[in-house]
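Colleague:
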Amino acid sequence: MTSTTEFSGWPHEPVPLVGYLSRKALPIKRNDAEPLTREDVQFDLLDHIFSDTNTVFTSQVPGTSSKVNFRDLYVNALYHSSKCSKVLKDKMVETPAFAVELAKISLLTNVGRINTTMAFFPEMKTALRTYHPVPSLQKTDGNAQDAPRIKNCLKAALLPSELKSMPPSTPEEILEKSRARQLPPTSVVNLIFILANHAAPLAATHFDPPLNFLDLFLPINISSADRARAFLWLVFYYLEGPDQPNPYDDDYSRQNAGKVPWLRRLTDTEMAEENVDTADEIEWGRAMSAQRNVFLQRLVNSLENEKKARNVLASSSQRVPESSSHRSRPSRQPHDGAREKPYIHYVPPPRPVPASQSTDKPAGSNSRGPQRTMLQHAWHVAASTDPLLDSDEELMDEHVRNDYNQRIAVLARLRGKAPTPPPDPVAPSNNVSDTREHRWRTVQSWK
């Protein structure tokens, strides 16, 4: 145990500034396919936290009241989350080492060190996330999911009583329950969310300037073992109660009520000895990065091939001659059950209406009979029009024109003025390949 004489010089020692004091700088920032090293994830800190053997925490598994260590407490919280899939649960039971690795990555997500833009499997297609191998935490060949799924699992990791009512949202609410011996006062996952969200106001309560709770998970010149002890001290302080003997106390925390145990500063040489990647981890990280780059290259090539195929299809479709009566619909391709190519949606060009068409009725039009109201015409259209037929291929009759005129009149009354005059008619071009006259829009459907 550290003696109190070691703290006598604390106020006079120059306190090194921490480089990550803002929440904005908290998440790990790496390019796609770049591995996360032991220093990035603070592997030694996580190892000290999850290797602690003190069974001092009240179990949060329904129907049990025994004491467990932090590893079992946190892994069980993930396992009993309503968002934890059956496949993931089976893998956690089958391979306990995978459950611990998943718990370590989840803890980094819990405090915000890993944000929701990261994924941990190389076959990820979406451009909204980046892939990162984590050699030190992916030694069991298990699917580590991605950060959004992990965070959803964490948010659903609540006590059974918290599923029916609102869980605590402030440190004061948790302390009130723990002092009243309502154990556990909340889930360990929710506690860590709260400590991370209230890191700034709690800094003066539990830490000496300029540190706060989030700094425990950052690469700073403080011993990993001491940071792990401070973290476990805080978890016990809130889950078991501030008035209970804290097994993680030292002389400094006993003499300074509410303060975490002493955080020993490291020299540059001592820092270099922590979180050192092994040769196997470095090699595996490079191999996974190369696998990711190969996958991306194949993905880019397939997209380029699809783009070329769309261009060929568009150019060939533009050369189809138009019928004198009305345009024929493109023949439908047989559906083979797989949507390998995007749909092509044709947008017809604007065409001026000839003067003779204003008086001549197209063949097959029904211009006789009494004039319909807007409601009658709407019912007629709903009952007699094929909804799959393109609107530009429908034959207009006098009732359709009358309905359009009534709609324009309603709009004119609402606007208080006549509709905007139409633009001057443009003579139709003989060049059917003119992109201004014949436009194609591609609607891409991602799998």
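Residue 457 in my numbering sits at position 81 of the sequence shown, with consecutive numbering throughout. Positions of the beta carbon are idealized from the N, C-alpha and C atoms, including for glycine. In this text, all values refer to a predicted model and were calculated from it rather than measured experimentally.
With DSSP as the reference, label M542 as helix, strand or coil.
Modeller: It is coil, neither helix nor strand.
Colleague: Helix, strand or coil for I596 per DSSP?
Modeller: Of the three classes helix, strand and coil, the one that applies to I596 here is coil, per DSSP.
Colleague: How big is the Cα-Cα spacing for Q514 and E499?
Modeller: Looking at the two C-alpha atoms, the distance is approximately 16 Å.
Colleague: What is the C-beta distance between L610 and L639, in whole angstroms, given that I count them as a contact (C-beta under 8 Å)?
Modeller: About 12 Å separates the two Cβ atoms, so there is no contact after all.
Colleague: Answer with buried or exposed for L617, where buried requires no fewer than 16 other C-beta atoms within 10 angstroms of its C-beta.
Modeller: Note that residue 617 corresponds to Gly in the displayed sequence, not to Leu. Buried: at least 16 other Cβ atoms inside 10 Å.
Colleague: Please report the distance separating the alpha-carbon of G634 from that of K459.
Modeller: Rounded to the nearest angstrom, the two C-alpha atoms are 35 Å apart.
Colleague: Tell me A495's beta-bridge partners as DSSP assigns them.
Modeller: DSSP output for A495 lists Y507, D522 as bridge partner(s).
Colleague: What distance in whole Å lies between the Cβ atoms of Y614 and L551, which are believed to be in contact at a cut-off of 8 Å?
Modeller: Indeed, because the Cβ distance is near 7 Å, the residues count as touching under 8 Å.
Colleague: Within a Cβ cutoff of 7 Å, which residues of the same chain sit near P831, ignoring the five residues on either side of it in sequence?
Modeller: The chain is shown from 377 up to 823; residue 831 falls before or after that span and cannot be answered.
Colleague: Just how far apart, CA to CA, sit E680 and P585?
Modeller: Whole-angstrom Cα-Cα distance: 55 Å.
Colleague: Could you check whether the stretch 584-602 touches the stretch 483-493, counting it as contact only if at least three pairs of C-beta atoms, one from each stretch, sit closer than 8 Å?
Modeller: The answer is yes - the stretch 483-493 touches the stretch 584-602, with three or more Cβ pairs under 8 Å.
Colleague: Pull up the distance between the alpha-carbon of T413 and that of R668, whole angstroms please.
Modeller: The straight-line gap from Cα to Cα measures roughly 17 Å.
Colleague: In three-state terms, what does DSSP make of C413?
Modeller: The sequence given here places Thr at residue 413; Cys does not occur at that position. It is coil, neither helix nor strand.
Colleague: Where does R489 fall in DSSP's three states?
Modeller: Residue state, collapsed to three classes: coil.
Colleague: Just checking my contact of L478 with L454 at CB under 8 Å: how many whole Å lie between their CB atoms?
Modeller: Yes, they are in contact, since the Cβ atoms of L478 and L454 sit about 7 Å apart, within 8 Å.
Colleague: Out of curiosity, what's the CA-to-CA distance linking D428 and N651?
Modeller: Taking the straight line from one Cα to the other gives about 18 Å.
Colleague: Give the straight-line distance between the Cα atoms of V451 and N622, rounded to the nearest whole angstrom.
Modeller: Rounded to whole angstroms, V451 to N622 spans 22 Å at the Cα level.
Colleague: Taking the CB atoms as reference points, tell me whether P560 and P438 lie closer together than 8 Å.
Modeller: No, the pair does not count as a contact, with Cβ atoms beyond the cut-off.
Colleague: Can you list, in chain order, the residues of its chain whose CB lies under 8 Å from that of N445, leaving out five sequence neighbours each side?
Modeller: Contacts found: D428, T429, N430, T431, V432, F433.
Colleague: Could you give the residue range of the alpha helix (DSSP H) that holds R630?
Modeller: Unbroken alpha helix (DSSP H) run through R630: 627-631.
Colleague: So, under 8 Å CB-CB, V564 and Q436 are touching, yes? Tell me the CB distance rounded to an integer number of Å.
Modeller: With 8 Å as the limit, V564 and Q436 qualify as a contact, their Cβ atoms being about 7 Å apart.
Colleague: Which of the three DSSP states, helix, strand or coil, is assigned to R662?
Modeller: R662 falls in the helix class under three-state DSSP.
Colleague: Taking DSSP as the reference, what is the three-state secondary structure of T581?
Modeller: Note: T581 maps to helix in three-state DSSP.
Colleague: Can you grab the Cα-Cα spacing for the pair D466 / H456, in whole Å?
Modeller: Using only the alpha carbons, I get a separation of about 12 Å.
Colleague: Whole angstroms are fine: how far does the CA of L689 sit from the CA of Q752?
Modeller: When rounded, the distance between both Cα atoms is 42 Å.
Colleague: Roughly how many whole angstroms lie between the Cα atoms of S482 and P547?
Modeller: Rounded to whole angstroms, S482 to P547 spans 21 Å at the Cα level.
Colleague: Please classify P746: is it buried, with 16 or more other beta-carbons within 10 angstroms of its beta-carbon, or exposed?
Modeller: Its Cβ having fewer than 16 others within 10 Å, P746 is exposed.
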